[in-house]
Amino acid sequence: MELGNKELSEQIIGARIRVHKELGPGFLESIYEEALAIELRLLRLQFERQKPVPVFYRGHAVGEHRLDLLVEGAVVVELKAVTEFEPIHFAIVRSYLKALGLSDALLLNFAGARLAIKRVGREYSPSPPEEIIL
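In this text, residue positions in the sequence shown follow our numbering: the first is 11, and each later residue adds one.
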């Protein structure tokens, strides 16, 4: 399926909204990940779960990240079930993008009664990321 990252992000957000409406807050991230995987399959989107991504320093492997979801090889999706996003969450997602050479990610929090969604780009910006609260 050929989608631009904006359209792809919109489909992912729609899937997340459906999961949150059905399950509500209070579950572990792994439960939301499984439910989101079902929604992504229904949308016929390609994705990888818990994808290992090696990190290199001067040509040497120094560790690896494990992404919650990589959708269509283009958008990193990081799931959280926390009271609120912390700056470290954004830093980690940006490091995923850097390691993969990608530019777009969604950081999604299921802990509240309302679903909080942040779009995260690869480059650091002193202004806060775009926030979508539904």
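Note that beta-carbon positions come from the ideal geometry of N, C-alpha and C, so glycine has one too.
Query, Result
"For S135, does the count of other Cβ atoms within 10 angstroms reach 16, so buried, or fall short, so exposed?", "Confidence is the limiting factor: at S135 the pLDDT is only 49, short of 50, which leaves the residue's position unreliable, though a coordinate-based value still follows. Its Cβ having fewer than 16 others within 10 Å, S135 is exposed."
"If you compare alpha carbons, which of A126, A109 and A25 is closest to R68?", "A109"
"Give the single residue among H70, L33 and G83 whose Cα lies nearest to the Cα of Q56.", "G83"
"From the DSSP output, read off the bridge partner residues of P35.", "Answer is none; P35 lacks a bridge partner."
"Suppose you measure from the CA of A91 to the CA of A121; what does that come to, to the nearest Å?", "4 angstroms"
"Which residue spans inside the segment 30 to 107 form an unbroken beta strand (DSSP E) run of at least 3?", "57 to 67, 70 to 81 and 85 to 90"
"Give me the Cβ distance between L118 and R26, rounded to the nearest whole Å; I'm assuming they're in contact under 8 angstroms.", "5 angstroms"
"Would you report the Cα separation of I127 and P62, rounded to the nearest angstrom?", "23 angstroms"
"What is the rounded straight-line gap between the Cα of I22 and the Cα of G34?", "17 angstroms"
"Contact defined as beta carbons within less than 8 angstroms: I believe E20 pairs with L89. What is the distance between those atoms, to the nearest angstrom?", "That pair is no contact at about 18 angstroms."
"Beta carbon of V86, beta carbon of L112: below 8 angstroms?", "yes"
"May I ask which residues mark the beginning and end of the beta strand (DSSP E) holding G131?", "A126 to G131"
"For A51 and E32, what's the separation of their Cα atoms in angstroms?", "Looking at the sequence itself, residue 51 is Arg, so the reference to Ala does not match. Roughly 17 angstroms between the two C-alpha positions."
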